[in-house]
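Student: Count along the sequence shown from 1, add 248, and you get the number used in my numbering. Sharing a structure, written as structure tokens. Questions coming.
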Amino acid sequence: MQGQAGQLATALALSAQAELDQLRAEVQELTAERNRLLEQQKRIMDLIGAANPEHLVHDLRNVLNERALLRALTEGQF
């Protein structure tokens, strides 16, 4: 009986280790994705002159509205 209990404990430990390894890999992937998205957000903020990431969507909407207004104004002059 002791052999079976030892085998079960070994199997459980191996299963737990495999799950832990998978979770660590997922954390690494998510961290890399987060870092990539933060870098992309920073580049967008620099391009449109946004100062605060919480206002990024608002600032981007303002830039697009200004672009549409300029387009409408220039099309009306020609």
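A virtual CB, placed ideally from N, CA and C, is assigned to each residue, including glycine.
Over the uninterrupted alpha helix (DSSP H) stretch that includes H306, give me the two end residues.
Tutor: Against the sequence shown, residue 306 aligns to sequence position 58. Residues 304-325.
Student: Roughly how many angstroms separate the alpha carbons of G324 and L317, rounded to a whole number?
Tutor: Numbered from its first residue, the sequence shown carries residue 324 at position 76. Numbered from its first residue, the sequence shown carries residue 317 at position 69. Those two C-alpha atoms are separated by around 11 Å.
Student: Hey, how far is the Cα of L278 from the Cα of T322?
Tutor: In the sequence shown, residue 278 corresponds to position 30, counting from 1. In the sequence shown, residue 322 corresponds to position 74, counting from 1. Rounded to whole angstroms, L278 to T322 spans 45 Å at the Cα level.
Student: In whole angstroms, what is the alpha-carbon distance linking Q265 and L304?
Tutor: For this step, residue 265 is matched to residue 17 along the sequence shown. For this step, residue 304 is matched to residue 56 along the sequence shown. In a straight line, the C-alpha of Q265 is about 41 Å away from that of L304.
Student: In three-state terms, what does DSSP make of N283?
Tutor: Residue mapping note: residue 283 aligns to position 35 of the sequence shown, counting from 1. N283: helix per DSSP, three-state reduction.
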